[in-house]
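Asker: Top line first, the protein sequences correspond to chains A and B. Going by our numbering, the first residue of the first sequence is number 1, and it counts up by one from there. Going by our numbering, the first residue of the second sequence is number 302, and it counts up by one from there.
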Amino acid sequence: MQDLVIIGAGPAGITAAIYAARKNIDFVLVSKDLGGQTALSADVENYTGYQFITGPDLVAKFEAHLRQFAITFHNGEAVTRIVQKVGSGFVVESDKNSYACRSVLIASGRRPRWLGVPGEEQFRNKGVSYCATCDGPLFSKKTVAVVGGGNSALDAALQMMNIAEKVYLVDINPALGGDEVMRRKVQASPKVEILNNTKTLAITGERFVKALKVDVSGQARELAVSGIFVEIGSTPNSGIADFVDRNTAGEIVVDCLNRTSARGVFAAGDVTTVPEKQIIVAAGEGAKAVLGVSRYLAQEK
Amino acid sequence: MAQVKVYSTPTCPYCIRAKKYLSDKGIAFENIDVSADEEALKQMVDVSGQMGVPVLVVDGDVIVGFDQSRIDQKLGL
Numbered sequence: 001m002q003d004l005v006i007i008g009a010g011p012a013g014i015t016a017a018i019y020a021a022r023k024n025i026d027f028v029l030v031s032k033d034l035g036g037q038t039a040l041s042a043d044v045e046n047y048t049g050y051q052f053i054t055g056p057d058l059v060a061k062f063e064a065h066l067r068q069f070a071i072t073f074h075n076g077e078a079v080t081r082i083v084q085k086v087g088s089g090f091v092v093e094s095d096k097n098s099y100a101c102r103s104v105l106i107a108s109g110r111r112p113r114w115l116g117v118p119g120e121e122q123f124r125n126k127g128v129s130y131c132a133t134c135d136g137p138l139f140s141k142k143t144v145a146v147v148g149g150g151n152s153a154l155d156a157a158l159q160m161m162n163i164a165e166k167v168y169l170v171d172i173n174p175a176l177g178g179d180e181v182m183r184r185k186v187q188a189s190p191k192v193e194i195l196n197n198t199k200t201l202a203i204t205g206e207r208f209v210k211a212l213k214v215d216v217s218g219q220a221r222e223l224a225v226s227g228i229f230v231e232i233g234s235t236p237n238s239g240i241a242d243f244v245d246r247n248t249a250g251e252i253v254v255d256c257l258n259r260t261s262a263r264g265v266f267a268a269g270d271v272t273t274v275p276e277k278q279i280i281v282a283a284g285e286g287a288k289a290v291l292g293v294s295r296y297l298a299q300e301k
Numbered sequence: 302m303a304q305v306k307v308y309s310t311p312t313c314p315y316c317i318r319a320k321k322y323l324s325d326k327g328i329a330f331e332n333i334d335v336s337a338d339e340e341a342l343k344q345m346v347d348v349s350g351q352m353g354v355p356v357l358v359v360d361g362d363v364i365v366g367f368d369q370s371r372i373d374q375k376l377g378l
């Protein structure tokens with residue numbers, strides 16, 4: 001039996017693993033990928049010590065630091081469920097394995113939120129994308145839609161107005177949110193048509209996306225687009241632990257020592273109720289959580 | 302030695318990671334920038350049936366995304 005299983009290898013999980021290795025905790029790290037959302041971030045300018053670094057480069061630095069230690073890291077393995085055993089301890093089940101352990105640290109992060117409209121699943125990677133940084137360049141001189149009205153949508157629109165022929169910015173709210181500086185740039189671009197008060201109804205096409213059906217202030221409209229970038233926020237990956245308390249947004253409730261409602265289960269980073277989803281905050285929370293786990297294990301033994 | 306093609310864009314983080322992974326393992330590959338080459342983009346869509354990058358073609362077998370376990374399996378890493 002392991003003392004600890006750390007779930008997730010984003011900034012929180014990696015930092016936790018580094019601290020756990022240095023504390024000589026007997027643990028395994030299980031994650032479906034390395035880097036989490038940080039690996040998909042374009043430019044990072046607020047991680048202390050780096051005036052400017054790209055997301056993938058920062059992840060490479062994290063990985064190099066992690067690999068200094070002889071740890072067991074099951075990468076490419078998605079955790080499906082955590083089971084509480086009668087008495088004490090847990091079993092962490094993944095799509096490939098299961099791990100018995102005394103404590104669990106959930107650092108599973110968040111994933112992009114889906115629109116939930118017909119056609120979305122069918123045309124995923126066939127015109128529908130959740131990462132403008134990744135797939136944006138494929139739509140050179142095409143017409144695309146960006147759905148959303150916050151900073152991530154503005155960021156996608158800014159990227160796409162340099163690549164695409166035309167960009168529809170489809171926002172459900174009466175006015176765009178996000179930062180003033182970005183909003184101004186988007187509003188000033190002749191390539192961007194902003195549609196406020198607009199609901200997304202369906203995505204249609206044949207082999208690939210051909211159109212986005214919307215409702216603009218009660219008027220049905222069909223936008224002929226070949227790409228659709230969905231940027232409507234994210235949702236926490238907390239479904240693996242249905243026995244711990246979560247808030248209405250699905251975030252795992254933690255106290256200031258990263259303890260959840262279940263004894264022996266800790267959580268850190270963007271999956272939790274801790275405000276401000278930032279790389280540096282997640283990293284700090286990962287460190288704090290493992291120090292808490294370490295104290296917990298010492299008490300239990 | 303295996304024939305490896307990587308269809309990618311210069312900005313896509315998973316493309317960068319996939320290429321770095323192959324380089325680190327000493328695997329030679331042909332990089333095809335589909336953002337600069339429309340014919341190559343069509344070819345990628347034809348072989349993979351989708352538009353997400355990266356797409357790796359290892360001796361004719363198509364791997365969509367940076368799927369490390371499948372890459373390892375195909376290349377015997």
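For each residue, glycine too, the CB sits at the ideal point set by N, CA and C.
#1: If we cut at 8 Å on Cβ distances, does A64(A) have a partner in chain B?
#2: For S88(A), count the other beta carbons within 10 Å of its own beta carbon; 16 or more makes it buried, fewer makes it exposed. Which is it?
#3: Would you say D43(A) faces chain B, with C-beta separation under 8 Å as the test?
#4: Could you check where the beta strand (DSSP E) with G284(A) kicks off and where it finishes?
#5: Out of S238(A), A78(A), T204(A), N24(A), point me to the one whose CA is closest to F69(A)'s CA.
#6: So the candidates are V265(A), C134(A), I71(A), L169(A); which of them puts its Cα closest to the Cα of T143(A)?
#7: Looking only at DSSP bridge pairs, what is S309(B) linked to?
#8: Do the region 329–346 of chain B and the region 48–61 of chain A meet, that is, are 3 or more Cβ pairs less than 8 Å apart?
#9: Report yes if the C-beta distance between V230(A) and A211(A) is below 8 Å; otherwise report no.
#10: Looking only at its own chain, which residues have a Cβ that is under 6 Å from the Cβ of V356(B), when we skip the five neighbours before and after it?
#11: Would you say C256(A) faces chain B, with C-beta separation under 8 Å as the test?
#12: From E285(A) to I71(A), what distance separates their C-alpha atoms?
#13: Using a C-beta to C-beta distance shorter than 7 Å, which residues of chain C count as neighbours of I317(B)?
#14: If we require 3 or more residues per run, which beta strand (DSSP E) segments fall completely within the region 225–253 of chain A?
#15: Does any residue of chain A bring its CB to less than 8 Å from the CB of G377(B)?
#16: Straight-line CA distance for V186(A) to E193(A)?
#17: Suppose contacts are defined by Cβ-Cβ distances below 8 Å. Is V92(A) in contact with I14(A) by that definition?
#18: Thinking C-alpha only, which one of V117(A), E45(A), Q159(A) is nearest M182(A)?
#19: Could you please give me the residues that DSSP links to K213(A) through a beta bridge?
#20: Just reading off the alpha helix (DSSP H) that I317(B) is part of, what are its end residues?
Answerer: In this structure, then:
#1: The residue labelled residue 64(A) in the question sits at position 64 within the first sequence. No, no contact with chain B.
#2: Mapped onto the first sequence, residue 88(A) falls at position 88. Flag for S88(A) reads exposed.
#3: Sequence index remark: in the first sequence, residue 43(A) carries index 43 (1-based). Closer than 8 Å: no.
#4: Within the first sequence, numbered from 1, the residue matching residue 284(A) stands at position 284. Note, G284(A): premise wrong, no beta strand (DSSP E); alpha helix (DSSP H) at 279–300.
#5: Reading the first sequence from its first residue, position 69 is the one you call residue 69(A). That would be N24(A), whose Cα lies nearest to the Cα of F69(A).
#6: Numbered from its first residue, the first sequence carries residue 143(A) at position 143. Here the closest residue by C-alpha is L169(A).
#7: On the second sequence, residue 309(B) is found 8 positions in, with the first residue counted as 1. Looking at the DSSP assignment, S309(B) forms a beta bridge with D334(B).
#8: no
#9: Walking along the first sequence from the start, residue 230(A) turns up at place 230. Walking along the first sequence from the start, residue 211(A) turns up at place 211. No, the pair does not count as a contact, with Cβ atoms beyond the cut-off.
#10: Translated into positions along the second sequence, residue 356(B) becomes position 55. If we look at V356(B) and ignore the five residues flanking it on each side, its Cβ neighbours are Y308, M345, S349, V365.
#11: In the first sequence, the residue the question calls residue 256(A) occupies position 256. Answer no: the Cβ-Cβ gap between C256(A) and chain B never drops below 8 Å.
#12: Position 285 of the first sequence, counting from 1, holds the residue named residue 285(A). Position 71 of the first sequence, counting from 1, holds the residue named residue 71(A). Each residue's Cα considered, the two are about 20 Å apart.
#13: The question asks about chain C, but that chain is absent: this structure's protein chains are A and B.
#14: 227–230, 234–236
#15: Within the second sequence, numbered from 1, the residue matching residue 377(B) stands at position 76. Judged by the 8 Å Cβ criterion, G377(B) is not in contact with chain A.
#16: Within the first sequence, the letter at position 186 stands for residue 186(A). Within the first sequence, the letter at position 193 stands for residue 193(A). When rounded, the distance between both Cα atoms is 9 Å.
#17: In the first sequence, residue 92(A) corresponds to position 92, counting from 1. In the first sequence, residue 14(A) corresponds to position 14, counting from 1. No, the Cβ-Cβ distance between V92(A) and I14(A) is not below 8 Å.
#18: Taking the first sequence and counting its residues from 1, the one referred to as residue 182(A) is at position 182. Closest by alpha carbon: Q159(A).
#19: Position 213 of the first sequence holds residue 213(A). Its beta-bridge partners are A202(A), E222(A).
#20: Within the second sequence, the letter at position 16 stands for residue 317(B). Start and end: 314–325.
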